[in-house]
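Numbered by my numbering, the letters in the sequence shown go through residues 117 to 320 in order. Here a beta-carbon is modelled for each residue, glycine too, at the ideal position from N, C-alpha and C.
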Amino acid sequence: MRADRLQLSKTHFDSEAADYDKSRKYAWVRATYPFVVEESLRYQFQTFLDVGCGTGALLSRISEQRKDVQLFGIDLSEQMIKVARAKLGDKAELRVSDSEQLPFEDSKFDLITCTYSFHHYPNPSAVLTEMKRVLSSAGKLILVDPWIPTPIRQIFNLLSPLRKEGVLYSKREMHSFVNSVGLEITKWLVHWHGYLMVAEKRSE
């Protein structure tokens with residue numbers, strides 16, 4: 117099941133990569149980037165990782181604002197990474213990688229973002245565990261994903277296998293995932309386009 121979902125996601129985004137940045141289908145995702153950049157710039161960071169970086173659009177915006185930081189991105193889709201490399205050049209280190217096996221050492225990143233890709237991950241707890249592992253002791257995780265009210269979300273999730281979409285989570289479910297891996301949510305905001313969550317390592 118996990119392998120099937122990963123392959124579906126990879127195939128889908130490989131096919132979307134060439135037109136992703138100008139597609140009307142994903143305009144609502146692009147509309148979120150200014151909010152994520154604004155939130156990111158609230159924090160001090162020297163190392164920045166975008167998980168599910170797609171075409172590198174968010175990394176490109178961060179690079180325009182912060183010239184003095186190291187930028188990294190990973191994505192399962194080879195074609196998305198190809199587009200991102202063409203866009204970013206040597207401004208960021210980009211890798212094709214599964215989010216459940218981040219190819220970085222422990223405590224490397226001061227700031228991690230994950231924008232509209234979390235619902236595609238078959239094992240959300242495994243992804244959060246990896247994010248925690250590579251997050252520095254005082255680092256921040258900014259996660260943005262679609263938000264739908266409970267009755268509609270439940271219907272959406274029931275139909276997700278037919279629509280080949282991921283699973284959307286409630287605030288309670290996200291708190292449970294985050295707490296179970298030793299992180300804690302410090303901010304939760306809901307906009308028309310989704311929710312924005314900030315988390316950090318829980319004090320022992």
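**Study point:** Reduced DSSP secondary structure (H/G/I, E/B, other) of Trp308
**Key:** coil
Exercise for review: Could you tell me the distance, in whole angstroms, from the CA atom of Thr127 to the CA atom of Ala133?
Suggested key: 10 Å
Point to revise | At least three beta-carbon pairs within less than 8 Å, the region 220–229 to the region 156–175 | key: yes
Practice item. Can you have a look at Val306 and say buried or exposed, based on whether 16 or more other CB atoms are within 10 angstroms of its CB? Key: exposed
Point to revise | Beta-carbon proximity of Gly168 to Thr231, cut-off 8 Å | key: yes
Check your understanding: How would you label Gln195, buried or exposed, when you count the other beta carbons within 10 angstroms and need 16 or more for buried?
Key -> buried
**Study point:** For Val199 and Asp261, the rounded distance between their alpha carbons
**Key:** 22 Å
Check your understanding: Would a C-beta distance cut-off of 8 Å place His236 and Gly189 closer than the cut-off?
Key -> no
Exercise for review: To the nearest angstrom, report how far apart Leu174 and Asp191 are at their CA atoms.
Suggested key: 13 Å
Check your understanding: Who are the near neighbours of Thr171 in its chain, counting only those whose CB is closer than 7 Å to its CB and skipping five residues on each side?
Key -> Ala133, Tyr136, Asp137, Met196, Val199, Ala200 and Lys203
Review point. Straight-line CA distance for Val153 to Trp304?
Key: 16 Å
Exercise for review: Name, in chain order, the residues that DSSP records as bridge partners for Asp166.
Suggested key: Gly189 and Thr229
Exercise for review: Tell me whether Ala315 sits in a helix, a strand or coil according to DSSP, three-state version.
Suggested key: strand
Point to revise | Coarse secondary structure for Thr137, derived from DSSP in three states | key: Checking the displayed sequence, the identity of residue 137 turns out to be Asp instead of Thr. In the structure shown, Asp137 sits in a helix (DSSP, three-state: H, G or I).
**Study point:** Through-space distance from Glu316 to Lys256, alpha-carbon basis
**Key:** 5 Å
Check your understanding: Under three-state DSSP, which class holds Gly255?
Key -> strand
Check your understanding: Terminal residues of the continuous beta strand (DSSP E) containing Glu209?
Key -> Ala208 to Val212
Check your understanding: Which one of Ala147, Arg140 and Met313 has the shortest CA to CA distance from Arg288?
Key -> Met313
Review point. Using the rule of at least 16 other Cβ atoms within 10 Å of the residue's Cβ for burial, across every protein chain shown, is Ser253 buried or exposed?
Key: exposed
**Study point:** Delimiting residues of the alpha helix (DSSP H) encompassing Met245
**Key:** Before going further, note that residue 245 is Thr rather than Met in the sequence given. Taken as a continuous stretch (DSSP letters only), the alpha helix (DSSP H) holding Thr245 covers Pro240 to Val250.
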